[in-house]
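Notes follow once the structure below has been shown.
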Amino acid sequence: MKTVFIGGSRSITRLNDTIRSRVYNIMRQRFAIVIGDANGADKAVQSYLAEKAYPNVIVYCMGDHCRNNVGSWPVEQIYADNQVKDFAYYTTKDAKMAQVASCGFMIWDGKSKGTLNNVLNLLQLQKNILVYFHPINLVISSNHPKILLHS
Numbered sequence: 129m130k131t132v133f134i135g136g137s138r139s140i141t142r143l144n145d146t147i148r149s150r151v152y153n154i155m156r157q158r159f160a161i162v163i164g165d166a167n168g169a170d171k172a173v174q175s176y177l178a179e180k181a182y183p184n185v186i187v188y189c190m191g192d193h194c195r196n197n198v199g200s201w202p203v204e205q206i207y208a209d210n211q212v213k214d215f216a217y218y219t220t221k222d223a224k225m226a227q228v229a230s231c232g233f234m235i236w237d238g239k240s241k242g243t244l245n246n247v248l249n250l251l252q253l254q255k256n257i258l259v260y261f262h263p264i265n266l267v268i269s270s271n272h273p274k275i276l277l278h279s
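In the numbering used here, the protein residues as written are 129 to 279.
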């Protein structure tokens, strides 16, 4: 079964029709979804998935505490050697989701280093990815990586 890593920027707290349509297509195909527990896009997508009662979701959290799990889905707890809650700490979880996923859908504000890091991880792992570039309402495919890297 295909597994999709959905993630995005913390500044994006609402899903527009374009994003909802993409997530709905993922659900329609009954793909498994791995998603983080951050506020922003993660929580907004979780809310949409819960609203649609989509069951095939695993929420990835750092350590024993999950910041958001709107649908009370199963949790994958990731532990890092470093306990300082910095960029490196949270990218441990993101790297694991990129590894287990077949492909990705990232919702990017054009500024978030974490979301960009997820895009680069998925590309490095040679996994297909769609990036929703929020500032101009544009969906970019990994079939055009030069566009992704120059946005």
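Ideal Cβ positions, reconstructed from N, Cα and C, are used throughout, including at glycine.
If we count the other Cβ atoms within 10 Å of its Cβ and call it buried at 16 or more, is residue i buried or exposed?
i      : result
Gln227 : exposed
Leu177 : buried
Trp250 : Going by the sequence as given, residue 250 is Leu instead of Trp. So Leu250 counts as buried.
Ile147 : buried
Taking only the alpha-carbon atoms, compute the straight-line gap between residue i and residue j and give it to the nearest angstrom.
i      : j      : result
Ser269 : Lys241 : 19 Å
Gly232 : Ile264 : 20 Å
Leu277 : Met190 : Confidence in Leu277 is poor, its pLDDT being 45 and thus under 50, which makes the residue's placement too unreliable to answer from.
Asn210 : Glu204 : 18 Å
Pro70  : Asn184 : The structure shown has nothing for residue 70, since the chain only spans 129 to 279.
Ala169 : Met225 : 16 Å
Cys194 : Leu266 : 31 Å
Lys274 : Leu248 : Low confidence applies to Lys274: its pLDDT is 49, below 50, so where it sits in the model is not reliable, and the reading given next is rough at best. Rounded to whole angstroms, Lys274 to Leu248 spans 12 Å at the Cα level.
Excluding the five sequence neighbours on either side, which residues of its own chain have a C-beta within less than 6 Å of the C-beta of residue i, listed in chain order?
i      : result
Lys171 : Asn196
Measuring CB to CB, does residue i end up less than 8 Å from residue j?
i      : j      : result
Val151 : Val173 : yes
Thr219 : Ile206 : no
Contact the region 133-141 vs the region 153-170: 3+ CB pairs below 8 Å: yes
Cβ pair count under 8 Å reaching 3, the region 135-155 against the region 233-240: yes
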